[in-house]
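**Q** Under my numbering, the sequence shown is numbered contiguously, ending at residue 202.
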Amino acid sequence: FRIDPWSVGQFWNELAGVPDTRDLFVAERFDALVGYAGLATAGDTSDVQVIAVASEAHGGGIGRRLLNLLLDKARERGSRKVMLDVRAENAAAISLYESVGFVMIHRRVDYYAPGVDAVVMQLKFPEVP
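1) Using the C-alpha atoms, what's the distance from ASP190 back to ASP158?
2) For VAL173, which of VAL107, ARG160, ASP145 has the nearest alpha-carbon?
3) Are the beta-carbon atoms of LEU112 and ASP93 separated by less than 8 Å?
4) What residue range does the alpha helix (DSSP H) around SER168 cover?
5) Just mark ILE178 as buried or exposed, buried being the case when its beta carbon has 16 or more other beta carbons within 10 Å.
6) Straight-line CA distance for PHE198 to ASP117?
7) Hey, how far is the Cα of PHE103 from the Cα of GLY133?
8) Within its chain, find whatever has a CB closer than 6 Å to the CB of LEU143; leave out the 5 residues flanking it on each side and keep chain order.
9) Can you name the start and end residues of the beta strand (DSSP E) that GLU101 belongs to?
10) For GLY82, does the three-state DSSP call read helix, strand or coil?
11) Measure the alpha-carbon distance for ALA130 versus ARG181 and round it to whole angstroms.
12) What separation, rounded to the nearest whole angstrom, lies between the Cα atoms of PHE98 and ARG137?
13) Have a look at GLY188, MET156, GLU162 and flag the residue whose alpha-carbon is nearest the alpha-carbon of LEU140.
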C-alpha cells in the first residue's frame, strides 16, 4: 500500500470509535492482505473513507469488489448518497468511481499536501417509490 496507508491505530480508532456507523472490509489472497476499505455513515449520507489495494494486486478487480461492498452497505444503512475524496491525479480510481455513477462536485486544493489536490465525488442513489 504505497500511498497514504492506514495505520493500525487508524483501524482501531474506526472500530472502537463508533462501530454502529462504521464498516471495514478486507480482501485476502492466499492468506495475505491485498486490500481494505472503510465506510462511515451518518444520517442519510455515507462516506468512503478508504479503498486501498496492494500494488501487486492492482488491475485484478479487488478495488471494484471492495467499492461494491461499500455501496451495498451504504444502501443497507439507508444512505441516499455516498461521498468520497480521491487524489486528483489518481485517474484509475476516478475512472472506477465514475463507472459506478460517481460525479465530481468539488476540488480541494492542497488537500493531501502542497500541490496534491483532492477531488470530491458524490453518488446519489435513485429514490425508492
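Built from N, CA and C at the ideal position, the CB exists for glycine as well.
It should be emphasised that the depicted structure is a prediction, and the values quoted were computed from it without experimental measurement.
**A** Walking through what the data contain:
1) 10 Å
2) ASP145
3) no
4) 164–172
5) exposed
6) 11 Å
7) 14 Å
8) ALA110, LEU112, VAL121
9) 95–102
10) helix
11) 29 Å
12) 13 Å
13) MET156
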